[in-house]
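Quick notes on the structure that follows.
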Amino acid sequence: MQLLKAIGDGGSWISLPVEKGRASLSSPVVPLAGMSINGCLHVWTGHTGKWTVRAKDTLGDETLDVVAEPGKPVRFDYKAGLRAQLDLDVEWSEPRDTTLFMWIGLARGKEEEKRKDGEEKKEGRDICRPAPS
Numbered sequence: 004m005q006l007l008k009a010i011g012d013g014g015s016w017i018s019l020p021v022e023k024g025r026a027s028l029s030s031p032v033v034p035l036a037g038m039s040i041n042g043c044l045h046v047w048t049g050h051t052g053k054w055t056v057r058a059k060d061t062l063g064d065e066t067l068d069v070v071a072e073p074g075k076p077v078r079f080d081y082k083a084g085l086r087a088q089l090d091l092d093v094e095w096s097e098p099r100d101t102t103l104f105m106w107i108g109l110a111r112g113k114e115e116e117k118r119k120d121g122e123e124k125k126e127g128r129d130i131c132r133p134a135p136s
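To convert, take the position in the sequence shown, counting from 1, and add 3; that gives our numbering.
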C-alpha cells in the first residue's frame, strides 16, 4: 500500500546504500490491477557522475533501463499487471560507497485520469519536481 500512497502523494524519495558503485532493491508483491503509471526518476543534485538504473517487473514484462544524471529528470511510463514486484539494480560511474537519494515521481497514467464525464482532469504538479515538505 506504500506504492498507492506514493502515487497519491505524487511520488516519494528513496535512499539506497551503494557499495563499490552498486546497489539493488527488491520490492514486495503489490496489487496494482492493471494500473498505468507515469513516472519520473530524479537523482538528487548533490550526487555526481552517471547512474544506470535498471528496473524489472518480475511478475510482468515491463523493464526500465536508463542512465540518469543528478538534477536531470528521466520520465517513464509503466503498465502493471494484476500484481507487480520490482527488482531495481543501480550502477554508479564512480565505484565508491555512498547513499543514493532519488526522487521517484508517480501519477496515474493518462487513460486513468479521465473523469466520469469523459473530460480530462486538469494537469497537476510536475511529478519530476519533488513534492514540497
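Note that beta-carbon positions come from the ideal geometry of N, C-alpha and C, so glycine has one too.
Reference residue 73, options 66, 50, 20, closest by Cα: 50
Local conformation of residue 11 per DSSP, three classes: helix
Beta-carbon separation (whole angstroms), residue 18 vs residue 104, contact threshold 8 Å: 5 Å
Identified DSSP bridge partners for residue 100: Partner(s): none; residue 100 has no beta bridge.
According to DSSP, residues forming a beta bridge with residue 17: 105
Backbone secondary structure at residue 82 - three-state DSSP: strand
Residue 42 versus 20, 134, 77, 68, residue with shortest Cα-Cα distance: 77
For residue 23 and residue 124, the rounded distance between their alpha carbons: Residue placement at residue 124 is flagged as unreliable, the pLDDT there being 47, under the threshold of 50; a coordinate-derived value is accordingly withheld.
Unbroken stretches of the beta strand (DSSP E), 3 residues or longer, contained in the stretch 30-88: 39-46, 54-60, 66-71, 77-82
CA-to-CA distance, residue 82 to residue 38, given in whole angstroms: 6 Å
Top-ranked residue by Cα proximity to residue 98, from 57, 112, 9, 52: 52
Backbone secondary structure at residue 23 - three-state DSSP: coil
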